[in-house]
Amino acid sequence: MCGSNTNLTTGTRALILVGGYGTRLRPLTLSTPKPLVEFANKPILLHQLEALVNAGCIQVILAVSYRAEQMEKELKIEAEKLGVELIFSHESEPLGTAGPLALAKNILNASTEPFFVLNSDVICDFPFKQLEQYHRSHGKEGTIVVTKVEEPSKYGVVLYDERGCIKSFIEKPQEFVSNKINAGIYIFNPSILERMCLYLTSLRQKHSSKLYTGPGIVGNVLVDSSAKIGNGCRIGPNVTIGPDVIIEDGVCIKRSTILKGAIVKSHSWLDSCIVGWRCVVGRWVRLEGITVLGEDVIVKDEIYINGGQVLPHKSIAASVPEPQIIM
Numbered sequence: 287m288c289g290s291n292t293n294l295t296t297g298t299r300a301l302i303l304v305g306g307y308g309t310r311l312r313p314l315t316l317s318t319p320k321p322l323v324e325f326a327n328k329p330i331l332l333h334q335l336e337a338l339v340n341a342g343c344i345q346v347i348l349a350v351s352y353r354a355e356q357m358e359k360e361l362k363i364e365a366e367k368l369g370v371e372l373i374f375s376h377e378s379e380p381l382g383t384a385g386p387l388a389l390a391k392n393i394l395n396a397s398t399e400p401f402f403v404l405n406s407d408v409i410c411d412f413p414f415k416q417l418e419q420y421h422r423s424h425g426k427e428g429t430i431v432v433t434k435v436e437e438p439s440k441y442g443v444v445l446y447d448e449r450g451c452i453k454s455f456i457e458k459p460q461e462f463v464s465n466k467i468n469a470g471i472y473i474f475n476p477s478i479l480e481r482m483c484l485y486l487t488s489l490r491q492k493h494s495s496k497l498y499t500g501p502g503i504v505g506n507v508l509v510d511s512s513a514k515i516g517n518g519c520r521i522g523p524n525v526t527i528g529p530d531v532i533i534e535d536g537v538c539i540k541r542s543t544i545l546k547g548a549i550v551k552s553h554s555w556l557d558s559c560i561v562g563w564r565c566v567v568g569r570w571v572r573l574e575g576i577t578v579l580g581e582d583v584i585v586k587d588e589i590y591i592n593g594g595q596v597l598p599h600k601s602i603a604a605s606v607p608e609p610q611i612i613m
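The sequence shown finishes on residue 613 if you use my numbering, and the numbering steps up by one all the way, no holes.
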């Protein structure tokens with residue numbers, strides 16, 4: 287973290303999604319993350335930071351993954367020059383759009399003011415002030431910027447009605463439906479963060495038979511048919527358990543996702559976690575504080591992890607009492 291603007295009542299905030307690998311800009315991005323590649327003799331991300339500061343933004347969260355240390359080192363100096371607080375939210379692997387929002391939920395919830403979200407490869411005139419004004423005028427939870435293109439089949443098309451309310455998204459349509467695409471710039475109210483667990487609630491309302499029921503199940507729980515759950519477990523609310531997962535006896539899981547092939551051994555306790563593919567969580571382990579385990583991570587018995595983000599193929603043999611990245 288750098289900068290000193292901590293009074294969140296005097297300006298807006300932003301989350302920039304910078305976790306991708308920039309494969310289409312290789313070989314440049316083999317040594318430099320895409321947001322640091324120069325555009326008009328200035329890193330792409332610096333164009334965005336300057337525009338956000340000019341629009342009154344005082345805090346920017348960078349959702350980083352690839353070459354995070356390099357990005358942090360180079361951007362810290364620029365952030366100090368601009369007088370903006372820069373926070374690095376580390377992903378163990380790129381998590382798309384919603385994943386970084388979930389990881390930064392506690393930070394974004396620190397204020398009731400709307401916050402911007404944008405992709406790190408967007409270059410334009412950045413109409414942040416106009417976007418904020420329009421967003422506040424309609425009173426809804428979110429606003430998405432769209433732009434017109436000649437070849438919409440290469441992008442995510444946005445369909446909306448005459449009031450500007452979104453009807454649907456169509457990813458790379460094969461037939462022409464519209465030439466308006468998602469421009470990768472958004473503004474949301476913090477209240478939208480509470481809706482990120484609502485998919486299972488919607489599933490219960492519309493297709494309740496798809497949700498798991500049984501002893502120890504609390505609230506909305508989705509379990510793949512190939513998963514195995516032991517005796518005396520307490521699962522839920524808002525839990526998704528993937529294919530071939532094994533949950534041993536006496537396990538407690540809340541607000542978490544367990545991905546394919548993972549094993550959670552007996553009497554462990556998980557809250558607000560993502561357990562990656564083929565991970566093994568030992569006996570009497572406690573994971574909490576938005577802990578994310580990358581692929582094939584082993585957590586030894588009787589370990590406590592609070593907010594750890596563990597890179598793939600690691601073995602954790604000591605507790606992690608404070609949030610950190612484990613490389």
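Glycine residues also receive a C-beta, built at the ideal position from the N, C-alpha and C atoms.
Please report how far the alpha carbon of residue i lies from the alpha carbon of residue j, in whole angstroms.
i    : j    : result
N592 : R572 : 8 Å
N395 : G342 : 19 Å
V431 : L332 : 20 Å
S461 : E437 : Checking the displayed sequence, the identity of residue 461 turns out to be Glu instead of Ser. Cα-Cα distance, rounded: 11 Å.
E581 : Q595 : 11 Å
E608 : C538 : 21 Å
V578 : D411 : 36 Å
R422 : A390 : 22 Å
G297 : I456 : 34 Å
G547 : D447 : 43 Å
I409 : L303 : 14 Å
P413 : V403 : 13 Å
E480 : F474 : 12 Å
T620 : K440 : The question about residue 620 has no answer here: the residues shown for the chain are numbered 287 through 613.
S552 : L508 : 20 Å
Tell me whether the beta-carbon of residue i lies closer than 8 Å to the beta-carbon of residue j.
i    : j    : result
V583 : I560 : no
V531 : A513 : yes
M357 : L322 : yes
I503 : I521 : yes
L278 : L387 : Missing from the structure shown is residue 278; the chain here goes from 287 to 613 and no further.
S510 : P523 : Residue 510 is actually Asp in this sequence, not Ser. Against a cut-off of 8 Å, the Cβ pair of P523 and D510 comes out as no contact.
I544 : G516 : no
G518 : G505 : no
I393 : I452 : no
V566 : I549 : yes
W570 : D587 : yes
By alpha-carbon positions, which one of the options ends up nearest to residue i?
i    : options                   : result
Q345 : S375, I467 and T429       : S375
L417 : G342, K586, T429 and I515 : T429
T499 : T543, I527 and V304       : I527
Y472 : V463, G568, I533 and P400 : P400
Y420 : R449, H553 and K440       : R449
L568 : G575, S605, K546 and I478 : One point to set straight first is that residue 568 is Gly, not Leu, in the sequence displayed. Answer by Cα proximity: S605.
S554 : W563, V504, V585 and N327 : V585
K328 : P523, V463, E364 and L348 : E364
R227 : K551, K367, R422 and S558 : Only positions 287 to 613 of the chain appear in this structure, which leaves residue 227 out of reach.
N405 : G470, D587, G562 and K551 : G470
V435 : G505, K466, I452 and S552 : K466
R299 : A337, V550, L556 and K359 : A337
D468 : E480, G442, K367 and I456 : Here residue 468 turns out to be Asn, not Asp, going by the sequence shown. Selected option, being the one with the closest Cα: G442.
P459 : I452, V444, K453 and C451 : V444
G425 : K359, K367 and P476       : P476
V339 : S439, I576, G369 and H599 : G369
L597 : I612, Y590, K359 and E574 : I612
V350 : K320, K367 and E366       : K320
T433 : S464, K415, K600 and E427 : S464
K367 : S317, L335 and E355       : L335
E574 : Q610, K600 and H599       : Q610
Considering just the uninterrupted stretch of the alpha helix (DSSP H) at residue i, what are its terminal residues?
i    : result
Q334 : I330 to N340
N392 : K391 to L394
Start and end of the beta strand (DSSP E) containing residue i?
i    : result
N615 : The structure shown does not extend to residue 615, since the chain is modelled only from 287 through 613, so no value can be given for it.
Y420 : No beta strand (DSSP E) contains Y420, which is instead part of the alpha helix (DSSP H) from F414 to H424.
L445 : G442 to Y446
V463 : It is not in any beta strand (DSSP E) - V463 carries neither H nor E in the DSSP assignment.
W563 : Unbroken run through W563: none, as it is neither H nor E.
W614 : Past the edges of the chain, shown from 287 to 613, lies residue 614, and the structure says nothing about it.
T433 : G428 to K434
C538 : C538 to K540
R449 : Neither: R449 is in no beta strand (DSSP E) and is coded neither H nor E.
L303 : T298 to V304
V525 : V525 to I527
V350 : C343 to V350
V596 : G594 to V596
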